[in-house]
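A.B. asks: Residue numbers (this note's numbering): 83 to 268.
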């Protein structure tokens, strides 16, 4: 099906950097995203009476986040938190509105072993809400050459991530190595 995808909206972000409190520094922030997502099939490409590939849908996302860093001797600890309510409201009146509350957090430790060597360990838990296409799309998708059928029964997707890293920084160059593992669940 020949179709035109449109995604019109605006994004905004504000960050407040806190004054250092001893060895503690950080940021607080708010990020918003408001979009109208639409898929319009070219005239005559869908059978008469067939539904649109995806309904015109208003998407509202509001993310509140904090990042803190504590430097102590040869160690630096970082912790982050993001809460991001999502509301998807189809304008068709036939599809249900959906709302989600993804919450993500991370904790990282950096050890400055000496002037040239650093070790890093990070653990994070991330969530994301389903997108319009995953919830409401119904039909043939030319770009992927597949038939896609959305499901309004989808929940937030959760991933757990571990990352271990090493950095060697010398006057001759820089070497970085990482080992990581990711687990996904929805």
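For each residue, glycine too, the CB sits at the ideal point set by N, CA and C.
1. Could you check the C-alpha separation between residue 90 and residue 121 for me, to the nearest Å?
2. Output the boundary residues of the beta strand (DSSP E) element that contains residue 213.
3. What is the residue span of the beta strand (DSSP E) that residue 267 lies within?
4. Output needed for residue 150: all residues of its chain with C-beta closer than 6 Å, excluding positions within five of it in sequence on either side, in chain order.
5. How is the beta strand (DSSP E) around residue 168 delimited, first residue to last?
6. Just to confirm my understanding: we take residue 203, look at its own chain, exclude 5 residues before and 5 after, and list those with CB closer than 6 Å. What are they?
7. Do you know offhand how far residue 96's Cα is from residue 185's?
8. Would you grab the beta carbon distance between residue 226 and residue 172 for me? Rounded to a whole angstrom, and I think it's under 8 Å.
9. Contact between the stretch 246-256 and the stretch 215-225 is defined here as three or more beta-carbon pairs at a separation below 8 Å; is this criterion met?
10. Using the C-alpha atoms, what's the distance from residue 101 back to residue 236?
11. From the DSSP secondary-structure annotation, give me the bridge partner or partners of residue 146.
12. With DSSP as the reference, identify every bridge partner of residue 221, one or two as the case may be.
13. Are the Cβ atoms of residue 168 and residue 182 separated by less than 8 Å?
14. With residue 84 as the anchor, note down where its beta strand (DSSP E) starts and where it stops.
15. If you check the beta carbons only, do residue 259 and residue 238 fall under 8 Å apart?
16. Are residue 84 and residue 123 closer than 8 Å when you measure CB to CB?
17. Find the nearest neighbour of residue 148 within the set 180, 125, 188, 170, judged by alpha-carbon distance.
18. Excluding five sequence neighbours on each side, which residues of the same chain lie with their C-beta closer than 6 Å to the C-beta of residue 240?
19. In terms of alpha-carbon separation, which member of 113, 193, 177 lies closest to residue 215?
C.D. replies: On the basis of the data shown:
1. Here residue 90 refers to the residue found at position 8 of the chain shown. Here residue 121 refers to the residue found at position 39 of the chain shown. Their Cα atoms are separated by approximately 12 Å.
2. Taking the first residue of the chain shown as position 1, residue 213 is located at position 131. Neither: residue 213 is in no beta strand (DSSP E) and is coded neither H nor E.
3. Mapped onto the chain shown, residue 267 falls at position 185. 255-267 is the extent of the beta strand (DSSP E) around residue 267.
4. Here residue 150 refers to the residue found at position 68 of the chain shown. Within the same chain, residue 150 has close Cβ partners 108, 161.
5. Walking along the chain shown from the start, residue 168 turns up at place 86. First-last of the beta strand (DSSP E) with residue 168: 168-172.
6. Walking along the chain shown from the start, residue 203 turns up at place 121. Cβ within range, chain order: 191, 246.
7. Along the chain shown, one-based indexing puts residue 96 at 14. Along the chain shown, one-based indexing puts residue 185 at 103. Computed Cα separation, rounded: 19 Å.
8. As a position in the chain shown, residue 226 is number 144, starting the count at 1. As a position in the chain shown, residue 172 is number 90, starting the count at 1. Going by Cβ atoms, the distance from residue 226 to residue 172 rounds to 22 Å, so no, they are not a contact pair.
9. no
10. Here residue 236 is taken as the residue at index 154 of the chain shown, counted from 1. Here residue 101 is taken as the residue at index 19 of the chain shown, counted from 1. Approximately 41 Å between the Cα atoms of the pair.
11. Counting from one through the chain shown, the residue named residue 146 turns up at place 64. Answer by DSSP bridge pairing, in chain order: 112, 165.
12. Residue mapping note: residue 221 aligns to position 139 of the chain shown, counting from 1. In the DSSP output, where bridge partners are listed per residue, residue 221 has 230.
13. Position 86 of the chain shown, counted from the start, is the residue given in the question as residue 168. Position 100 of the chain shown, counted from the start, is the residue given in the question as residue 182. Yes, these two residues count as a Cβ contact at 8 Å.
14. Here residue 84 is taken as the residue at index 2 of the chain shown, counted from 1. Here residue 84 belongs to no beta strand (DSSP E), and DSSP marks it neither H nor E.
15. The count along the chain shown starts at 1 and reaches residue 259 at position 177. The count along the chain shown starts at 1 and reaches residue 238 at position 156. Contact flag unset, no.
16. Taking the chain shown and counting its residues from 1, one reaches residue 84 at position 2. Taking the chain shown and counting its residues from 1, one reaches residue 123 at position 41. Yes, the Cβ-Cβ distance between residue 84 and residue 123 is below 8 Å.
17. Here the question's residue 148 lines up with position 66 in the chain shown. Checked all of 180, 125, 188, 170; the closest Cα to residue 148 is 188.
18. As a first step, residue 240 is located in the chain shown; it is residue number 158 there, counting from the start. The answer, listed in chain order, is 209, 267.
19. Sequence index remark: in the chain shown, residue 215 carries index 133 (1-based). Among 113, 193, 177, the Cα nearest to that of residue 215 is on 177.
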